[in-house]
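In this note's numbering, the protein residues as written are 1 to 187.
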């Protein structure tokens, strides 16, 4: 075994592999290479995890990570990596019209794996104080579906918010268009 780090004695909770107990973890090149009740460090850097819980990376299913562009938004890496989150799902901050920027400036450079819903509103959640679907001209099911298809490796579906503050007098029409986009994208 060629390890660069041994994490010693933490309580490893890994339901996918049926583990819950004290284990050592050998890491090489940022990958786990061995897990056992005891691993001799043999001069390799050791990290004492006794009294700590060690788990696979966490997934945050609802965040807004288009920081600097949207009213809401956090930079993914400083927040996620410090809290054990290795995958974060943006809950539809970008729309089809600004998704390329989200992909280039947020998804690609992040160490954290960033996935995203695509908002049915082309502007997404750019300015949260104004309802993004009060003006139906922002809704383009075909462009939204194409964006989901074009970025299938990082998109998870179509976003719509249905509060009166978001849709104004448009009722469920934004929802209908989001469903149309989701069906067209087969998501």
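From the three backbone atoms N, C-alpha and C, an ideal C-beta is built for every residue, glycine too.
- For residue 141, the CB contacts under 8 angstroms within the same chain, skipping 5 residues up- and downstream, are 120, 177, 178, 180, 181, 184 in chain order.
- Using a C-beta cut-off of 8 angstroms, the stretch 97-113 makes contact with the stretch 67-82, since at least three inter-stretch Cβ pairs fall below that distance.
- The DSSP-derived three-state label of residue 83 is helix.
- A straight-line Cα-Cα distance of about 9 angstroms links residue 125 and residue 66.
- Ranked by how close their Cα comes to the Cα of residue 139, the residues 153, 149, 129, 166 have 166 in first place.
- The three-state reading of DSSP puts residue 69 in coil, since its state is none of H, G, I, E or B.
- For residue 28, DSSP records a beta bridge to 31.
- Straight across, the Cα-Cα distance linking residue 153 with residue 57 is about 19 angstroms.
- Per DSSP, the continuous beta strand (DSSP E) segment holding residue 157 begins and ends at 155-159.
- In this structure residue 143 touches residue 122 by the C-beta definition: roughly 7 angstroms separates them, less than 8 angstroms.
- Residue environment for residue 60: buried (at least 16 other C-beta atoms within 10 angstroms of its C-beta).
- Within its own chain, no residue has a Cβ closer than 6 angstroms to the Cβ of residue 146 once the five positions on either side in sequence are excluded.
- Between the stretch 80-93 and the stretch 43-57 there are three or more inter-stretch CB-CB distances shorter than 8 angstroms, so the stretches are counted as touching.
- The alpha-carbon of residue 19 is positioned some 42 angstroms away from that of residue 175.
- Taking C-beta separations shorter than 6 angstroms and ignoring five residues to either side along the sequence, the partners of residue 41 in its chain run 6, following chain order.
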